[in-house]
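Here the structure comes first, spelled out in C-alpha cells, and everything after it is commentary.
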Amino acid sequence: MTASLPPLDDLIACPQCDTLHQAQDLPPGSKAHCSRCGVLLMTSKPEAVARILALAITAFILMIAAVSFPFLSLDAGGLTNATSVIDAVLAFRDGLAFPLAVAVAFFIIVIPLMRLSALIYALGPLVRNAAPRSYARAAFTLAERLRPWSMAEIFIVGVTVALIKVAGLAAVTIGPAFWAFAGVVVITVLKDQMICRYSIWEMLDKAEA
Amino acid sequence: MSARKAGLVACRSCGQVHQLGSTVCKRCGGPLQSRDEQSLQKVWAWLIAGIIAYIPANVYPMLLTSTLIERSESTIIGGVVELVDYGSYGVAAIVFIASVMIPIGKFVAVGYLALSIQYGWNDRQHQRHRAYEVVEFIGRWSMIDVFVVAILSALVQLETIATINPGIAAVSFALSVIFTMLAAQAFDSRLIWDADRTTT
Ligand SMILES: [Zn+2]
Ligand SMILES: [Zn+2]
C-alpha cells in the first residue's frame with residue numbers, strides 16, 4: 295500500500311483532521327491551508343526565525359521589568375497602596391485560595407517566561423546557522439504545548455477591567471511595569487503569529503543533518 | 328485521503344508522518360496515536376468537572392468589599408449588575424461575556440461535539456470543526472474575571488477606607504475554566520472527520 299505513496303518525509307498530515315498532503319516548497323510570503331478542514335498548515339517566511347528570536351528576547355527583558363517595577367498604585371483619603379504584579383498573584387495567598395495563587399503565578403509569569411526561554415534556547419543556534427542545542431526539540435515542543443496556558447494577554451485585559459471598576463473609588467497611578475507588561479503582550483501576539491511549526495521543525499532537521 | 332487510511336500515523340505536534348503502529352515520533356519525540364481512543368471519556372470527565380465547579384462559582388461571592396460605611400459581597404452576576412449601575416456598559420459586557428456566555432457556550436459546544444462523535448453523525452463537519460476551533464481559542468479568555476479579582480484584591484487595601492478581598496467563588500471559577508480547557512484539549516478533532524465519506 296505504501297508503495298504508491300511518496301517518501302514519508304515528503305508528506306504532511308493535517309494535525310486537526312488527519313488529511314495527507316504532499317509538502318511543497320512554498321513561494322516566500324505564502325500560506326498553505328488544509329484542503330479539507332482549512333486549518334493553516336504552513337507559512338513561508340524565510341526571515342521569520344530571526345525575527346521570532348529578536349521578539350522573544352525583547353519580550354523576556356520586558357517581562358523581567360514588568361515583575362520588578364511598580365505596576366499600579368492607588369491613592370484615596372491620604373492612603374497609598376502600591377501594587378506589583380507579584381502582589382496580584384499573592385492576592386490569593388490566604389487559606390483555601392492558595393493553590394490559585396500558584397496557578398495565577400504560572401499563568402501570568404512563570405509559563406510566559408518558560409515559553410520565551412525555551413524558544414530562545416531552541417532557535418538561537420538556528421539563527422547563527424549553528425547546530426541545534428541538545429534538547430532544542432524538547433524545548434520547542436514545550437514552548438508550543440504551553441501556548442494555551444500562557445495568559446499574559448488575558449491578565450492585561452483583566453487589569454483594564456479592574457482599573458475601570460476602581461476609577462470611581464480612588465485615583466490610580468499607572469507605573470512603568472504596566473507598560474512593560476502591555477509590551478510583552480503585544481510582542482507575544484506578534485511572535486506567535488509568525489511561528490510556523492512545520493518550517494521550524496524542517497529547520498531543526500536540516501541544521502542537524 | 329487521511330493518514331490513517333493510508334496506513335500511516337501523523338504526529339500532531341510536528342506533522343511528521345510515520346507507519347501505522349509507530350508509537351514515538353522520530354522527529355520531536357512526542358507520543359503518536361492514530362486516534363485518541365480515550366478522547367471521549369476524558370472529554371466527558373473534564374466537562375462534567377467543569378460544570379460542577381461552575382455552580383459554586385455562581386452561588387458564592389467573587390469579591391468581598393468593605394468600606395467605611397458598608398461591607399458587601401458580590402457574585403459574578405452581582406458584579407455585572409454593579410457595573411451596569413455605574414453606567415460602565417462596555418466593561419459589564421466584557422465581564423458578562425467572559426464569565427457567563429463563554430463558559431456556558433463552551434459547555435454546550437463541547438457536549439455537542441462529544442455527542443456528535445459518540446453517535447457518529449456524518450454531517451456538518453465544517454461547522455463542527457469551526458465550533459471546535461472557536462472553543463479552543465476563546466475558552467481561556469474566561470479567566471479575565473479571576474485576574475480582575477486578583478488585581479482588585481491586591482490594589483484596594485486601604486486599611487480603614489476600603490479593602491477588597493477575593494471570595495471563594497474565584498477558586499471554583501478558575502477550576503471550572505481550567506477543567507473546560509482540559510476538556511477541549513482532550514477532544515481529538517480528527518474524529519469529526521472520520522465519519523466523512525464524501526471525501527476519501
Ligand atoms: Zn485538515
Ligand atoms: Zn512529532
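For the protein sequence lines, the chains are A and B, in the order given.
If you count the first sequence from 1, position 195 lands on 489 in our numbering, and the numbers rise without skipping.
If you count the second sequence from 1, position 19 lands on 346 in our numbering, and the numbers rise without skipping.
Backbone N, C-alpha and C fix where the C-beta goes; we use that ideal spot for every residue, glycine too.
Within-9 Å CB hit, residue i to chain A
i, result
"residue 360/B", "no"
"residue 399/B", "no"
"residue 440/B", "no"
"residue 474/B", "yes"
"residue 405/B", "no"
"residue 333/B", "yes"
"residue 447/B", "no"
"residue 391/B", "no"
"residue 505/B", "yes"
"residue 380/B", "no"
"residue 364/B", "no"
"residue 498/B", "yes"
"residue 416/B", "no"
"residue 329/B", "yes"
"residue 517/B", "yes"
Contact set for residue i: own chain, Cβ-Cβ below 6 Å, skip 5 residues either direction
i, result
"residue 329/B", "none"
"residue 307/A", "314"
"residue 358/A", "none"
"residue 504/B", "469, 470"
Distance between residue j and residue i (C-alpha atoms, nearest Å)
i, j, result
"residue 456/A", "residue 448/A", "12 Å"
"residue 444/B", "residue 517/B", "10 Å"
"residue 399/A", "residue 465/B", "21 Å"
"residue 295/A", "residue 334/B", "Annotation note: pLDDT 45 at residue 295/A (below 50); position unreliable, coordinate value reported separately. The straight-line gap from Cα to Cα measures roughly 8 Å."
"residue 452/B", "residue 512/B", "18 Å"
"residue 393/B", "residue 479/B", "13 Å"
"residue 484/B", "residue 409/B", "20 Å"
"residue 425/A", "residue 501/A", "5 Å"
"residue 388/B", "residue 362/B", "42 Å"
"residue 416/A", "residue 442/A", "19 Å"
"residue 304/A", "residue 316/A", "6 Å"
"residue 489/B", "residue 493/A", "54 Å"
"residue 495/A", "residue 450/A", "32 Å"
"residue 605/B", "residue 481/B", "Residue coverage of chain B in this structure runs from 328 to 527, which leaves residue 605/B outside it and unanswerable."
"residue 395/B", "residue 458/A", "21 Å"
"residue 320/A", "residue 334/A", "13 Å"
"residue 474/A", "residue 494/B", "29 Å"
"residue 467/B", "residue 432/B", "13 Å"
"residue 390/B", "residue 399/B", "8 Å"
"residue 364/B", "residue 397/A", "30 Å"
"residue 329/A", "residue 311/A", "10 Å"
Beta-ladder partner(s) of residue i, from DSSP
i, result
"residue 313/A", "329/B"
"residue 386/B", "In the DSSP output, where bridge partners are listed per residue, residue 386/B has none listed."
"residue 398/B", "393/B"
"residue 353/A", "According to DSSP, residue 353/A bridges with nothing at all."
"residue 375/A", "368/A"
"residue 466/A", "368/A"
"residue 336/B", "345/B"
"residue 491/B", "392/B"
"residue 306/A", "315/A"
Cutoff 9 Å: residue i Cβ touching any chain B Cβ
i, result
"residue 295/A", "Low per-residue confidence applies at residue 295/A: pLDDT is 45, beneath 50, and the placement is therefore not dependable, though the value from the model is reported in the following sentence. Taking Cβ atoms only, chain B reaches closer than 9 Å to residue 295/A, which makes this a yes."
"residue 318/A", "no"
"residue 383/A", "yes"
"residue 306/A", "yes"
"residue 473/A", "no"
"residue 303/A", "yes"
"residue 371/A", "yes"
"residue 487/A", "no"
"residue 346/A", "no"
"residue 398/A", "yes"
"residue 459/A", "yes"
"residue 390/A", "yes"
"residue 416/A", "no"
"residue 326/A", "no"
"residue 375/A", "yes"
Contact set for residue i: own chain, Cβ-Cβ below 8 Å, skip 5 residues either direction
i, result
"residue 506/B", "373, 374, 376, 377, 380"
"residue 527/B", "Interpretation of residue 527/B is limited by its pLDDT of 46, a score under 50 that renders its predicted location unreliable; no figure is taken from the coordinates."
"residue 349/B", "336, 359"
"residue 504/A", "Only positions 295 to 503 of chain A appear in this structure, which leaves residue 504/A out of reach."
Per-residue contacts from residue i into chain C (C-beta, under 7 Å)
i, result
"residue 452/A", "The displayed structure is made up of protein chains A and B, and chain C is not among them."
Spatial neighbours of residue i in its chain, beta-carbon cut-off 7 Å, leaving aside the 5 residues before and after
i, result
"residue 473/B", "497, 500, 501"
"residue 395/A", "383, 384, 386, 387"
"residue 456/B", "516, 519"
"residue 491/A", "438"
Name the residues in the region 422-440 of chain B whose C-beta lies less than 8 Å from a C-beta of chain A; which are they? 422
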